[in-house]
Amino acid sequence: GFMKARTSNAKQLIILTHSFSFFRQVRNWFDSLNKVSQRARRAPMARFFMLQSETQNGARSAKLGPMDSFLTDFESEYHYLFKQVFRASQIQQRQGLEHYYGMPNMARRLLETFLAYRIPSRSGDLYGKLNEIDGDVALKTRVLRFLHTYSHGDSVAQPDHDPTLLAETPS
658 GFMKARTSNA KQLIILTHSF SFFRQVRNWF DSLNKVSQRA RRAPMARFFM LQSETQNGAR
718 SAKLGPMDSF LTDFESEYHY LFKQVFRASQ IQQRQGLEHY YGMPNMARRL LETFLAYRIP
778 SRSGDLYGKL NEIDGDVALK TRVLRFLHTY SHGDSVAQPD HDPTLLAETP S
């Protein structure tokens with residue numbers, strides 16, 4: 658609020674930050690300015706850039722480039738994970754198993770984050786938290802079994818780790 662008030666008449670404003678939470682606040686502020694410009698059919702008022710590290714001839718340097726869309730398109734990791742899990746649920750089941758391989762970890766992270774907000778009284782107990790929410794017991798058991806089998810494995814080659822079952826990912 659202080660920055661908005663103090664810079665309301667500025668012709669140009671450059672904001673640099675390492676703080677992701679502050680960046681999100683600035684991004685939301687600038688996105689609202691850009692929506693006003695878009696409705697008036699004018700060029701965007703705000704643009705986002707980031708420093709990109711690179712190594713040339715063994716020397717590290719940085720260059721200014723466009724902001725990575727991951728940072729501008731998603732409000733949080735939760736929003737990103739939700740989109741990825743939803744997208745995977747829409748994939749035709751005839752896709753190769755490699756399309757599904759990382760999904761159990763993403764789905765587990767999404768579920769853990771969701772349940773941490775939904776049931777904050779239990780810490781780190783995925784099974785217990787899942788049992789506290791309404792829903793089909795068989796479906797919850799199936800989801801848990803899928804997540805436990807294909808994410809955070811305790812050993813390299815679990816006897817019940819059958820990669821062909823990854824085809825269940827969309828469902």
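Residue numbers for the sequence shown follow our numbering, so the first one is 658 and each next one is one higher. Glycine residues also receive a C-beta, built at the ideal position from the N, C-alpha and C atoms.
- Residue 730 has its alpha-carbon roughly 28 Å from the corresponding atom of residue 663.
- In terms of Cβ geometry, residue 672 and residue 683 form a close pair [threshold 7 Å].
- Note on residue 754: under 16 other CB atoms within 10 angstroms of its CB, so exposed under the neighbour-count rule.
- Here residue 804 is not near residue 797, since their CB atoms are 7 Å or more apart.
- Under the Cβ criterion (8 Å, minimum of three pairs), the region 767-774 counts as touching the region 725-740.
- Under DSSP, residue 712 shares a beta bridge with 717.
- Per the Cβ contact rule, the region 776-791 is not in contact with the region 756-764 (fewer than 3 Cβ pairs under 8 Å).
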